[in-house]
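*Asks:* Protein chains in written order, with our numbering: chain A, 2 to 483; chain B, 238 to 680.
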Amino acid sequence: MKLIFELHKEGRKGFRPPASDVPAVAALDVRYTRKISARLPNVSELDVVRHFTNLSRLNFSVDTNFYPLGSCTMKYNPKFTERIAALEGFSAVHPLLPQLMGGGMLAQGSLEVLYETEKLLCEITGMNAFTMQPLAGAHGELTGVMLIAAYHKAKGSRRKYVIVPDSSHGTNPASAAIAGYEVKVIPTAADGYMDLGEYKKQLDQDTAAVMLTCPDTLGIFNPHIKEITDMAHASGALMYYDGANLNAVLGKCRPGDIGFDVVHINLHKTFGTPHGGGGPGAGPVGVNQNLADFLPIPRVTRRQDGTFALDYHRHKSIGYIAPFYGNFGVVLKALAYMLYLGKEGLVETSEHAVLNANYCRVKLQNYFDIAYDKTCMHECVFSASRQTKNGVHALDIAKYLIDKGYHPPTIYFPLIVKEAIMIEPTETESKETLDAFIETMIEIARLAQENPVLITQAPIHMPVKRLDETRAARQPNLRWQE
Amino acid sequence: MSYSSHTKEDIHEMLSVIGVSSVDELFKDIPVSLRPRSFNLPEGKSEFEVTQYLKRLADKNATGLVNFVGAGFYDHFIPAAVDAIASRSEFYTAYTPYQPECSQGWLQAIYEYQTTICELTGLDVANASLYDGGTALYEAAMMAVRLTRRNKIIIDSGINLIYRTMLYTYTSNLSVEFVEISVVHGKSSREELIKHLDDKTAAVILQNPNFFGAIDDHSDVVAKAHEFGALAIQSTYPIALGILKSPGEMKFDIATGEGQSLGIPLSFGGPYLGFMAAKKELVRQMPGRIVGATVDKDGKRGFVLTLQTREQHIRREKATSNICSNEALCALRAVIFASLLGRDGLKELAQLNYQKAEFAKLELSRVPGVEVKRSCPTFNEFTVLLPKNADEVVHRMIQKGFACGFPLGRYYKGMDNYLLIAVTEKRTREEILTMAHCLEACL
Chain A
2 MKLIFELHKE GRKGFRPPAS DVPAVAALDV RYTRKISARL PNVSELDVVR
52 HFTNLSRLNF SVDTNFYPLG SCTMKYNPKF TERIAALEGF SAVHPLLPQL
102 MGGGMLAQGS LEVLYETEKL LCEITGMNAF TMQPLAGAHG ELTGVMLIAA
152 YHKAKGSRRK YVIVPDSSHG TNPASAAIAG YEVKVIPTAA DGYMDLGEYK
202 KQLDQDTAAV MLTCPDTLGI FNPHIKEITD MAHASGALMY YDGANLNAVL
252 GKCRPGDIGF DVVHINLHKT FGTPHGGGGP GAGPVGVNQN LADFLPIPRV
302 TRRQDGTFAL DYHRHKSIGY IAPFYGNFGV VLKALAYMLY LGKEGLVETS
352 EHAVLNANYC RVKLQNYFDI AYDKTCMHEC VFSASRQTKN GVHALDIAKY
402 LIDKGYHPPT IYFPLIVKEA IMIEPTETES KETLDAFIET MIEIARLAQE
452 NPVLITQAPI HMPVKRLDET RAARQPNLRW QE
Chain B
238 MSYSSHTKED IHEMLSVIGV SSVDELFKDI PVSLRPRSFN LPEGKSEFEV
288 TQYLKRLADK NATGLVNFVG AGFYDHFIPA AVDAIASRSE FYTAYTPYQP
338 ECSQGWLQAI YEYQTTICEL TGLDVANASL YDGGTALYEA AMMAVRLTRR
388 NKIIIDSGIN LIYRTMLYTY TSNLSVEFVE ISVVHGKSSR EELIKHLDDK
438 TAAVILQNPN FFGAIDDHSD VVAKAHEFGA LAIQSTYPIA LGILKSPGEM
488 KFDIATGEGQ SLGIPLSFGG PYLGFMAAKK ELVRQMPGRI VGATVDKDGK
538 RGFVLTLQTR EQHIRREKAT SNICSNEALC ALRAVIFASL LGRDGLKELA
588 QLNYQKAEFA KLELSRVPGV EVKRSCPTFN EFTVLLPKNA DEVVHRMIQK
638 GFACGFPLGR YYKGMDNYLL IAVTEKRTRE EILTMAHCLE ACL
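This is the structure we're talking about:
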């Protein structure tokens with residue numbers, strides 16, 4: 002498909018602002034004006050609409066395809082939440098309105114949305130307070146680690162390390178490093194759990210925090226989790242919960258009850274807000290009482306008379322990690338989702354997510370090596386090791402699945418499983434969809450033995466075949482040039 | 238109700254395939270002692286009931302005020318085509334385009350967005366977006382620290398206080414030193430800059446137009462910074478770039494800013510759009526996702542996420558940043574908006590914003606007691622000095638139906654009587670005249 006820039010034609014008109022109803026003025030001094038125009042394309046509105054509509058049709062999406070992407074929780078995105086976020090009463094409000102004198106009363110609806118979401122997330126996770134400010138999961142991780150740093154600083158201790166398991170998502174060590182910590186990595190033992198012996202050795206008075214995902218990135222719930230959190234606390238370290246896998250344990254286990262001090266949630270995973278092709282997301286952070294004072298400002302509070310206010314007077318706060326109150330438009334959709342699901346809906350979500358993943362696990366375990374042969378939670382990890390004996394790798398399997406109309410599962414993560422294929426069906430997929438996917442995976446296993454070239458040459462039915470990623474990195478072409 | 242579709246029969250069949258008698262058995266790894274102490278959530282409601290409740294909340298927000306508040310976030314008109322395209326679920330329910338063969342739509346759209354940002358800023362390369370203008374500024378500062386291996390940053394106090402505060406929050410555990418230079422008669426103080434610039438300076442960071450709405454040509458500052466081996470970073474405003482000298486033309490190394498004005502609603506603070514562009518030699522230190530063009534097996538043009546070895550999923554604790562998600566859907570809105578405008582439309586829009594603000598300045602200077610600050614040219618936002626406390630004046634104006642501006646005393650000591658007023662193409666001549674008239678009555 003052509004680029005929108007390649008459709009440019011001098012004289013074409015798209016959208017035009019209204020005619021001026023004020024007098025013309027002298028032009029700005031040329032000292033301040035640009036000599037080289039921004040060469041945006043002159044195209045008609047139809048050109049733009051047709052171009053981007055056709056681009057959209059080149060994408061897989063949850064609304065069109067099954068996306069068993071482990072760790073991403075690609076569940077259905079409810080349409081009614083889109084309509085609510087588009088209400089002018091929410092979308093047209095300037096974030097600075099509450100900062101005008103008496104202005105808090107101008108945004109009571111939005112403040113109530115933030116307040117109610119906080120309350121619900123506290124109950125769901127067992128934490129005492131939440132900030133909705135973090136603008137993505139990784140942003141929440143950074144915020145959480147900064148809160149932990151503030152906690153230790155206030156105690157006068159200068160701990161240097163953050164512990165992560167080797168199965169952790171890359172954002173965990175990256176966030177710790179960005180916040181100024183050094184990272185210690187603990188290996189995963191043969192049973193699929195973090196090596197307790199190594200953990201005990203590395204945990205000391207210099208450990209600021211331990212960052213865990215629970216269930217872990219292998220999709221397994223560690224029944225010794227309380228031992229791990231107790232040991233950390235005994236050393237004066239804090240426990241950080243990466244909430245990426247929360248979809249497995251809604252109503253079954255709460256991080257606040259099992260010893261976690263800081264938690265982040267991915268609203269675009271567990272709470273069904275759309276992934277938007279890569280964003281926007283939201284990563285609210287919850288804390289227990291020990292850390293509440295350090296939360297970013299402002300905090301939304303409720304007055305005696307039931308009205309809501311913004312509290313900026315918190316001298317221990319770490320400051321601002323976002324320009325305002327968070328990705329409000331995303332938080333709003335998550336609130337609508339939680340209110341719709343309610344208690345039974347949230348519990349059913351986890352039950353069916355776990356049911357679906359175990360169904361896939363049992364149906365596929367004779368065809369693909371399974372990383373850990375035990376009950377999984379909401380996702381299961383296979384390995385393509387068996388298939389590599391015929392030259393078929395996880396990547397090839399992924400490309401073949403694309404030809405069959407499936408977005409591939411997550412591949413090559415977690416790093417500790419060779420040729421990893423992580424399948425997370427989510428609770429919103431039907432048995433029929435799972436059965437069809439399983440059938441395709443079984444076909445792949447068969448073809449890998451009988452006719453591997455059919456898999457290694459995939460995809461052949463998509464608008465493009467396999468792309469030269471090496472060339473893209475070696476000869477970067479990152480923008481169109483006239 | 239959940240969005241699961243399983244019937245009793247489905248569940249029964251699936252459980253027997255798995256070999257357990259109940260769903261509860263699948264949770265046996267969670268000991269009883271670790272089960273929730275409470276899970277007191279309200280019961281689920283229907284779509285109708287949830288919608289009615291949230292509509293009632295939306296109605297509690299004041300959307301009827303005529304808006305003259307900017308301060309970094311602007312009330313611009315968003316054409317219907319932007320919403321129509323961005324609400325296609327093939328865009329918004331898609332995942333990050335890690336599998337390029339089934340994501341060419343997203344990858345090409347981002348490549349076009351990157352091109353748009355390069356054209357607007359006059360720089361060589363842009364990334365696929367960051368969370369907002371503030372985190373973009375922080376990421377640029379960190380790029381400079383990494384590239385120069387220095388840790389002193391000179392920062393103009395004409396930069397939005399929110400962005401400066403975010404910068405200080407993010408770096409509080411790192412050994413980065415900040416020196417703020419003053420704004421004198423609307424311009425960044427060259428004198429103070431010279432005083433502080435040395436071979437320990439990683440970067441000089443400025444904003445154009447600055448928070449007071451003032452426009453400047455920063456070329457001299459950039460040249461001085463380069464003399465000392467420091468990088469020059471500019472935070473800027475995309476609509477203004479329709480007529481203003483671009484950061485590229487001023488020879489800045491990195492440009493960042495808030496892209497909300499490019500077709501993204503104000504939405505009470507987010508989601509927004511942080512953009513970043515830089516000179517091509519800096520690309521490998523850029524954070525965030527980047528899309529590149531390449532060819533497939535048959536030589537056909539295609540797009541992929543590239544230079545991924547900078548990112549967290551590969552470099553982990555050695556990554557240039559911890560960023561995973563970006564603001565893709567907002568970047569899409571921006572490229573659609575920019576394409577609808579085109580090069581001529583953008584110039585027209587910028588001109589109109591400029592003219593409307595100049596008209597407002599004229600009318601407000603007629604109001605007795607109001608002094609419009611004229612030491613510098615401005616774009617669509619400017620500062621006035623009132624004879625009274627700006628907070629109180631704003632409060633009275635709200636009662637007359639106007640959000641007439643942002644009181645600067647909130648951000649700057651000793652400026653309690655100063656007001657920052659933004660005028661976009663949405664403000665009619667009538668509204669401007671009435672605002673001036675009401676202001677006179679409030680003073």
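Even for Gly, the Cβ is constructed at its ideal location relative to N, Cα and C.
Give the straight-line distance between the Cα atoms of VAL416/B and MET378/A, rounded to the nearest whole angstrom.
*Replies:* Spanning the two alpha carbons is a distance of roughly 51 Å.
*Asks:* Can you tell me whether ARG570/B is buried or exposed? The criterion is at least 16 other CB atoms within 10 Å of its CB, across all chains shown.
*Replies:* It counts as buried.
*Asks:* CB-CB under 6 Å to GLN134/A, same chain, minus the five flanking residues each way: which ones, in chain order?
*Replies:* These residues qualify, in order along the chain: PRO297, ILE322, ALA323, GLY327.
*Asks:* For the alpha helix (DSSP H) containing THR82/A, list its first residue and its last residue.
*Replies:* Note, THR82/A: alpha helix (DSSP H), 80–86.
*Asks:* Tell me which residues share the same chain as GLY181/A and place their Cβ nearer than 8 Å to its Cβ, disregarding the 5 neighbours each side in the sequence.
*Replies:* Counting only Cβ-Cβ distances below 8 Å, and skipping sequence neighbours, we find ALA150.
*Asks:* Would DSSP call MET380/B helix, strand or coil?
*Replies:* Helix, per DSSP.
*Asks:* Spell out a yes or no on whether the segment 8–18 of chain A and the segment 430–441 of chain B are touching, meaning 3 or more CB-CB pairs, one atom from each, closer than 8 Å.
*Replies:* In short, these stretches do not touch, since the Cβ pair count stays below three.
*Asks:* Return the Cβ separation of VAL382/A and GLY244/A in integer angstroms, given the expectation that the two are a contact with Cβ distance under 8 Å.
*Replies:* 19 Å between Cβ atoms; not a contact.
*Asks:* Assuming the contact rule is C-beta atoms closer than 8 Å, TYR329/B and VAL528/B should be a hit. Round their C-beta distance to whole Å, please.
*Replies:* At roughly 18 Å, the Cβ-Cβ gap does not stay under 8 Å, so TYR329/B and VAL528/B are not in contact.
*Asks:* If you count every other CB in all the chains shown that lies within 10 Å of the CB of ILE37/A, and 16 or more means buried, which is it?
*Replies:* Exposed, since its Cβ has fewer than 16 Cβ neighbours within 10 Å.
*Asks:* Give me the DSSP bridge partner(s) of ASN445/B.
*Replies:* Bridge partners of ASN445/B: THR473/B.
*Asks:* Check each residue of the segment 581–606 of chain B: if its Cβ is closer than 9 Å to any Cβ of chain A, include it; give the result in chain order.
*Replies:* Of all residues in the segment 581–606 of chain B, ASP581, GLY582, LEU583, LYS584, GLU585, LEU586, GLN588, LEU589, ASN590, TYR591, GLN592, LYS593, GLU595, PHE596, ALA597, LEU599 have a Cβ within less than 9 Å of some Cβ in chain A.
*Asks:* Can you pull the chain A residues whose beta carbon is under 9 Å from the beta carbon of GLU677/B, in chain order?
*Replies:* By Cβ distance, chain A contributes nothing, its closest Cβ being about 19 Å from GLU677/B, past 9 Å.
*Asks:* Assuming LYS389/B and GLU414/B make a contact with CB atoms under 8 Å, what is their CB distance in whole Å?
*Replies:* Yes, LYS389/B and GLU414/B are in contact; Cβ-Cβ is about 5 Å, under 8 Å.
*Asks:* Below 6 Å CB to CB, which residues in the same chain sit around GLY330/A once its five sequence neighbours on both sides are set aside?
*Replies:* Only ALA86 meet the Cβ criterion.
*Asks:* Does GLY220/A come out as helix, strand or coil in the three-state DSSP assignment?
*Replies:* Correct three-state label for GLY220/A: coil.
*Asks:* Quick check: PHE310/B and GLN497/B, are their CB atoms within less than 8 Å of each other?
*Replies:* Yes, Cβ-Cβ distance for PHE310/B and GLN497/B is below 8 Å.
*Asks:* Using a threshold of 8 Å, state whether the C-beta atoms of ALA93/A and LEU503/B are closer than that.
*Replies:* Yes, these two residues count as a Cβ contact at 8 Å.
*Asks:* Just to make sure I have the definition right: I need the residues of chain A whose C-beta is within less than 7 Å of the C-beta of HIS550/B. Which are they?
*Replies:* Chain A residues near HIS550/B: GLY171.
*Asks:* Taking only three categories from DSSP, how would you classify ALA568/B?
*Replies:* In this structure, ALA568/B counts as helix in the three-state DSSP scheme.
*Asks:* From what residue to what residue does the beta strand (DSSP E) around LEU542/B run?
*Replies:* Per DSSP, LEU542/B belongs to the beta strand (DSSP E) from 538–542.
*Asks:* Less than 8 Å between CB atoms is the rule here; does ALA474/A satisfy it with respect to chain B?
*Replies:* Taking Cβ atoms only, chain B reaches closer than 8 Å to ALA474/A, which makes this a yes.
*Asks:* With a threshold of 8 Å between beta carbons, is ASP167/A in contact with chain B?
*Replies:* No, ASP167/A lies away from the interface with chain B (no Cβ there is under 8 Å from its Cβ).
*Asks:* The beta strand (DSSP E) with LYS185/A in it runs from where to where?
*Replies:* From DSSP, the beta strand (DSSP E) with LYS185/A extends over 183–187.
*Asks:* Does any CB atom of chain A fall closer than 8 Å to the CB of TYR240/B?
*Replies:* Yes, because at least one Cβ of chain A sits closer than 8 Å to the Cβ of TYR240/B.
*Asks:* Report the residue from GLU420/A, TYR368/A, GLY252/A whose alpha carbon sits nearest the alpha carbon of LEU347/A.
*Replies:* LEU347/A has its Cα closest to that of GLY252/A, out of GLU420/A, TYR368/A, GLY252/A.
*Asks:* Considering MET102/A, what are the terminal residues of the beta strand (DSSP E) in which it resides?
*Replies:* From DSSP, MET102/A is part of no beta strand (DSSP E); its letter is neither H nor E.
*Asks:* Assess, as a yes-or-no matter, whether the segment 506–526 of chain B is touched by the segment 364–377 of chain B under the definition of 3 or more beta carbon pairs within less than 8 Å.
*Replies:* Result yes; three or more Cβ-Cβ pairs closer than 8 Å.
*Asks:* Exposed or buried, GLN388/A, counting other C-beta atoms within 10 Å across all chains shown (16 or more means buried)?
*Replies:* So GLN388/A ends up on the buried side.
*Asks:* Using alpha carbons as the reference points, say which of PRO475/B, HIS463/B, MET487/B, PHE449/B lies closest to HIS455/B.
*Replies:* If we check each option's Cα against that of HIS455/B, MET487/B comes out closest.
*Asks:* Going by C-alpha distance, which of PHE131/A, PRO464/A, PHE6/A, PRO19/A is nearest ASP535/B?
*Replies:* Among PHE131/A, PRO464/A, PHE6/A, PRO19/A, the Cα nearest to that of ASP535/B is on PRO464/A.
*Asks:* Shortest alpha-carbon distance to GLY127/A belongs to which of VAL250/A, PHE61/A, ALA177/A, LEU97/A?
*Replies:* The candidate whose alpha carbon is nearest that of GLY127/A is VAL250/A.
*Asks:* Per DSSP, which residues does THR132/A bridge with? Please list them.
*Replies:* DSSP lists VAL286/A as partners of THR132/A.
*Asks:* On the DSSP bridge list, what partners appear for ASP370/A?
*Replies:* According to DSSP, ASP370/A bridges with SER384/A.
*Asks:* Only counting the same chain, and skipping five residues up and downstream in sequence, which positions put a Cβ closer than 7 Å to that of ASP196/A?
*Replies:* Result list for ASP196/A: ILE187, PRO188, THR189, ALA190, in chain order.
*Asks:* Is GLY138/A near THR172/A, with beta carbons less than 8 Å apart?
*Replies:* Yes, the pair counts as a contact, with Cβ atoms nearer than the cut-off.
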